[in-house]
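Read through the structure below, which is laid out as C-alpha cells, and then see the notes.
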Amino acid sequence: MRFVDVDTASATPIWRQIEDGVRRQVASGRLPVGTAVPSVRELARALRINPATVSKAYRRLTDAGLLTVRRGEGTFVAELPAGDRKEERQRLLADGAAVFSGVARAIGAGRREALRAVEKVWDEVDTGGGEGVGDDD
0 MRFVDVDTAS
10 ATPIWRQIED
20 GVRRQVASGR
30 LPVGTAVPSV
40 RELARALRIN
50 PATVSKAYRR
60 LTDAGLLTVR
70 RGEGTFVAEL
80 PAGDRKEERQ
90 RLLADGAAVF
100 SGVARAIGAG
110 RREALRAVEK
120 VWDEVDTGGG
130 EGVGDDD
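Next comes the structure, spelled out in C-alpha cells:
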C-alpha cells in the first residue's frame, strides 16, 4: 500500500489530496500514534511532485496537530485525545457528505434517491470486516 495516492488530473490541489489522505488514515487508525511518515523528499520523489507541495500538506497537518516534527528524527503521527480523533472522523464524514449532497442536488436527486445511492454503494463495498464497519456511534 502506498502512503497516499494523488490524482494529478483532479481539480483538487495535490497538497489537499495529501492532507486529506493523511487525515483519513489518522482518523481510521491505519496510521497509529508515533508512526513515522515519509520525509518530504521521499514522498515528493515517490509521487513525482514538487517537495514544496508535500511540505505545504505536512505543515498544515502539523499546524492542525495531526503530525509532530522531532528535530533530527523526522515527522510522526501526533498523539490525539480520543475526542479529537472522533471530531476528526466527524469532520471528514461531514466534508464527504457535503460534496456528495452537492452532486446529488446538482443533478436534481431528492434526499431519498441520494440516500438509496449511498446505501447501495455501502452494501457493495461492505465486506463485513473493514475498519469502522458497524461503528454507528
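First residue of the sequence shown: 0, per numbering that gives the first Met the number 0; consecutive thereafter. For each residue, glycine too, the CB sits at the ideal point set by N, CA and C. Since this is a predicted model, take the numbers as computed values, not measurements.
Notebook entry, point to check: Cα separation between residue 27 and residue 88?
Noted result: Rounded to whole angstroms, the gap between the alpha carbons of residue 27 and residue 88 is 8 angstroms.
Checklist line | Whole alpha helix (DSSP H) elements within the segment 25-57, 4-residue minimum | finding: Qualifying alpha helix (DSSP H) stretches, in chain order: 39-46.
Notebook entry, point to check: Is the beta carbon of residue 13 within less than 7 angstroms of some heavy atom of the ligand FAD?
Noted result: With respect to small molecules bound, the structure shown includes none, and the ligand FAD cannot be examined in it.
Margin query: Does residue 109 come out as helix, strand or coil in the three-state DSSP assignment?
Written below: Coil.
Note to self: Using 8 angstroms as the threshold, is the C-beta distance between residue 46 and residue 21 below it?
What the structure shows: Using a Cβ distance threshold of 8 angstroms, residue 46 and residue 21 do not count as a contacting pair.
Margin query: Within the continuous beta strand (DSSP E) that includes residue 65, where are the two ends?
Written below: Neither: residue 65 is in no beta strand (DSSP E) and is coded neither H nor E.
Checklist line | N- and C-terminal bounds of the beta strand (DSSP E) containing residue 76 | finding: Boundaries of the beta strand (DSSP E) harbouring residue 76: 73-76, taken from the DSSP string.
Check: Thinking just about the alpha-carbon of each residue, which of 35, 50, 12, 49 is nearest to the one in residue 77?
Finding: The shortest Cα separation from residue 77 among 35, 50, 12, 49 belongs to 35.
Check: Where residue 66 and residue 8 are concerned, what is the direct C-alpha to C-alpha distance, given to the nearest angstrom?
Finding: So the alpha carbons of these two residues sit roughly 27 angstroms apart.
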